[in-house]
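Inspection log for the structure reproduced underneath, given as structure tokens.
In our numbering, the protein residues as written are 27 to 251.
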């Protein structure tokens, strides 16, 4: 299937179809820029959606979304072997139209659907956890490695990126022609998120140095373009 086509009927963008993005590289760009994925699973107690840290491993048709949490996490436990849905959304600005009916937001979003499977084996899980932890700042190599006990209490799920689509909106409001000569203001209010200066923990001991990967975040775009 061509990259400009949806991977499946259920990942086809219908509302706002001209804003749909199906190219894998562009979908990956949004995932790389995002920070939090909202993951939905059907459990015995009903559907649940939780925000989660994530990472992406692999490329092209072999790419996968990685999620992790405590082994006791009900969503992750329920999601093993089931169809899940994960969404990542970045809001870039408020679109103020002449009529509230046309108000909107400039944004980049991705929807991923697929069967989640548990990542097995200590080496595989460690690799997945490194990718998740280093998604925003590469601090894995400057922190204490996970202990065997911590690893046993952690569950990592993998969701293929084979069924994924993106939707991107940018630019001005889309107002009715009849409103263009009216007195009402229209435009865009950008939303700019950036990392601030790192603040040391109140119980930080002397001699603990600030990792370069953390120091380098200060003043940078929290949602990489």
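Glycine is no exception: its CB is placed at the ideal position from the N, C-alpha and C atoms.
Note that the structure is predicted; figures quoted are calculated from it, not measured.
Rounded C-alpha distance that separates residue i from residue j
i	j	result
residue 189	residue 141	10 Å
residue 27	residue 227	Interpretation of residue 27 is limited by its pLDDT of 42, a score under 50 that renders its predicted location unreliable; the figure taken from the coordinates is listed afterwards. Each residue's alpha carbon lies about 51 Å from the other.
residue 118	residue 225	26 Å
residue 67	residue 97	16 Å
residue 120	residue 174	46 Å
residue 202	residue 126	12 Å
residue 195	residue 156	32 Å
residue 69	residue 171	33 Å
residue 49	residue 166	30 Å
residue 210	residue 44	27 Å
residue 32	residue 229	51 Å
residue 39	residue 222	36 Å
residue 152	residue 177	8 Å
residue 217	residue 116	10 Å
residue 193	residue 147	35 Å
residue 206	residue 87	46 Å
residue 72	residue 114	22 Å
residue 243	residue 74	32 Å
Short Cβ contact (8 Å threshold) for residue i with residue j
i	j	result
residue 161	residue 81	yes
residue 134	residue 56	yes
residue 197	residue 124	no
residue 164	residue 234	no
residue 219	residue 248	yes
residue 89	residue 54	yes
residue 191	residue 37	yes
residue 143	residue 103	no
residue 212	residue 122	yes
residue 132	residue 214	yes
residue 154	residue 182	yes
Heavy atom of the ligand GDP within 7 Å of residue i beta-carbon
i	result
residue 107	No copy of the ligand GDP appears in this structure; indeed no ligand is present at all.
Nearest-angstrom Cβ-Cβ length linking residue i and residue j, presumed shorter than 8 Å
i	j	result
residue 237	residue 180	With 8 Å as the limit, residue 237 and residue 180 do not qualify as a contact, their Cβ atoms being about 22 Å apart.
residue 85	residue 145	So it is not a contact: roughly 18 Å between Cβ atoms.
residue 92	residue 83	6 Å
residue 64	residue 100	Actually they are not in contact, since the Cβ atoms of residue 64 and residue 100 sit about 16 Å apart, beyond 8 Å.
residue 158	residue 59	In fact, because the Cβ distance is near 16 Å, the residues do not count as touching under 8 Å.
Neighbour-count burial assignment, residue i, 16 or more Cβ in a 10 Å radius
i	result
residue 129	exposed
residue 94	buried
residue 108	exposed
residue 246	exposed
residue 187	buried
residue 250	exposed
residue 136	buried
residue 231	exposed
residue 200	exposed
residue 62	exposed
Notebook entry, point to check: What are the start and end residues of each continuous alpha helix (DSSP H) run of 4 or more residues lying completely inside the segment 97-175, in chain order?
Noted result: Taking only runs of at least 4 residues, the alpha helix (DSSP H) segments lying wholly in the segment 97-175 are 100-105, 148-159.
Next item on the list: Go through the segment 193-242 residue by residue and report every complete run of the alpha helix (DSSP H) that reaches 4 residues or more, in order.
Entry: The segment 193-242 contains these whole alpha helix (DSSP H) runs: 238-241.
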